[in-house]
RNA sequence: GCCGCCAUCGUCUAGGGGUUUAGGACAUCGCCCUCUCAAGGCGGAGAUCGGGGGUUCAAAUCCCCCUGGCGGCGCCA
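In this note's numbering, the protein residues as written are 60 to 568.
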């Protein structure tokens, strides 16, 4: 039995990691057929962390060989997502300045004949061949095989076509794809950093297509050629590629190339255990940006989805994360994405911002083009509010609904708050008294306002809450919110008085 | 259907033969703090380690089988 091993793996692993520090080269290779989703972002992150930790190189390669589905919009979304997350890459064609590196694009390489060269070589060496079968014919073969309970695959009928037969097929106007000749016996074995030894029977594989009729290389072929051209040392990618690996190893072998080290990270699932998709809520990284998640929270959360330290550490500063990350500690099992924990973590990072939150908020507002959401708001006042209330904010977008009542002219009164608080026995008296006394109140600041309210409670022999609560509802329309007296100070006397009066008229007369 | 991967609290996970009455985090519940809401502090509940067989003096940890979940089987990537 022929044993096809992933050549080069052992060779590479025998060198200690330390000796090879600067040789670590990894890549993130998304296809621009949609936005960057959570799973892709995590793959990018793990590659990036590994490169940074090892002092290696991280490259971004856009795999745009799907002529039908690749779009420029998707490329844009991927780049914006990468930038937002701070996942910068270290190489790229064109520019000299690292900040301006473009990603690699496979279709550009295709135009330069990069893949054709190797395709021709394989054909010349008899390791690949042209196949003139139509997709329909191949489909027939698969069905026939399946009917006989055999592995559905291409039967290899074009393997040994003579020159004449080829000419004739071409005369018929048939377009050829290129297929790689595979052994039908033996196993393909490789060692994966995360999974350990993985084996596949070669009998499962057919002579798969490495170049389409259009001349464009297929995914499996382009990946291998590029990973070698770019001297990729470690292929870190999603688990869904595990069964592509034997195919790719056959390409490496056919071309006489060493294989890189493989690390297949587990999938991310939705709450119902199925593969994360749109119906599970937001999956696009940019949607998280727009909702006001902080990139550092996103990174931290994603890092923990499928990787952990021995101590189960939860919060990491970026440098700490780089220092501690390792592929060996990546989990083998799939992880369910938990939006709640992400929210918690985001709140954690927002609280860390403290007084720096206003700056972060306004920058986010501008970068996501949402300024109109606070049109008419007094920015300076909002800054003051945020500085006091930053710990209430879990997502930056919460700000819109949390503090809107400061700025609007018609406050919405929560019906429950009205019936529970304003209808209380003493509420009307408290509000009338407040309106009266506050009219000429000289020192409209939080401390004196608090003193005023407490004094009123003592004077009327009622609980402080019986004073505080109605005023809160009158002024904000709700039972939750910032410290009452800061709230009043921020609003100013006129607004407070106006709201107290209108509340009395509207609900208590 | 075939092939492959995986399997510890609801979720992310630690733990990889005895140190485990299985540890941490999110969520949840209770108490404290408190002008509300948060935040914070303290505490509780929550996993017989998917099931069954082995191996061993000893198994969550090693082996086998089963089951379940996920992934792949494209001129998609």
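C-beta: ideal position from N, C-alpha, C; glycine also.
Nothing here was measured: the structure is a model prediction, and the numbers come from that model.
On the criterion of 16 or more Cβ atoms from any shown chain inside 10 Å, does residue 210 qualify as buried, or is it exposed? exposed
Note down, in chain order, each residue of its chain lying with its Cβ closer than 7 Å to the Cβ of residue 260, except the 5 sequence neighbours on either side. 246
Exposed unless 16 or more other CB atoms sit within 10 angstroms - verdict on residue 338: exposed
Using the three-state DSSP reduction, which class does residue 255 fall into: helix, strand or coil? strand
Excluding the 5 residues flanking residue 138 on each side, which residues of the same chain have their C-beta closer than 8 Å to its C-beta? 162
Kindly provide the ranges of any alpha helix (DSSP H) runs that are 4 or more residues long and lie completely inside the stretch 251-299, ordered along the chain. 278-288
Taking C-alpha atoms, which residue in 144, 350, 539, 488 lies nearest to residue 520? 488
Tell me the start and end of each unbroken alpha helix (DSSP H) in the stretch 465-499 that is at least 4 residues and wholly inside, in chain order. 486-497
Looking at C-alpha atoms only, which residue of 523, 522, 547 is the closest neighbour of residue 533? 547
One question on the structure: do residue 268 and residue 238 come within less than 8 Å of each other, judged by their Cβ atoms? yes
8 Å contact criterion, which residue 257 and residue 293 should meet: CB distance rounded: Between residue 293 and residue 257 the Cβ distance is about 16 Å, and since that is not below 8 Å, they are no contact.
Report the partner residues of residue 163 according to the DSSP bridge assignment. 120, per the DSSP bridge assignment.
Integer Cβ distance of residue 128 from residue 92, believed to fall under 8 Å: The C-beta distance from residue 128 to residue 92 rounds to 4 Å, short enough to meet the 8 Å contact threshold.
The beta strand (DSSP E) spanning residue 324 covers which residue range? 320-324
Beta-carbon proximity list for residue 272, same chain, < 7 Å, skipping 5 on both sides: 234, 235, 236
Through-space distance from residue 220 to residue 327, alpha-carbon basis: 45 Å
For residue 266 versus residue 215, is the C-beta spacing smaller than 8 Å? yes
Residue 115 versus residue 549 - alpha carbon distance: 52 Å
Simplified DSSP assignment, three categories, for residue 220: coil
Are residue 452 and residue 497 close, meaning C-beta to C-beta below 8 Å? no
Residue 340 and residue 398 - do their beta-carbons sit closer together than 8 Å? yes
To the nearest angstrom, how far is the alpha carbon of residue 390 from that of residue 313? Spanning the two alpha carbons is a distance of roughly 32 Å.
Among 564, 510, 98, nearest to residue 545 - alpha-carbon criterion: 510
Hey, how far is the Cα of residue 441 from the Cα of residue 505? 17 Å
Taking the alpha carbon of residue 323 as the reference point, which residue from 170, 305, 241 has its own alpha carbon closest? Relative to residue 323, the option among 170, 305, 241 whose CA is nearest is 305.
Output the residue ranges of the beta strand (DSSP E) runs that lie fully inside the stretch 140-199 and measure 3 residues or longer, sorted by chain position. 187-190
To the nearest angstrom, how far is the alpha carbon of residue 90 from that of residue 371? 33 Å
CA-to-CA distance, residue 113 to residue 476, given in whole angstroms: Straight through space, the alpha carbons of residue 113 and residue 476 are spaced by roughly 57 Å.
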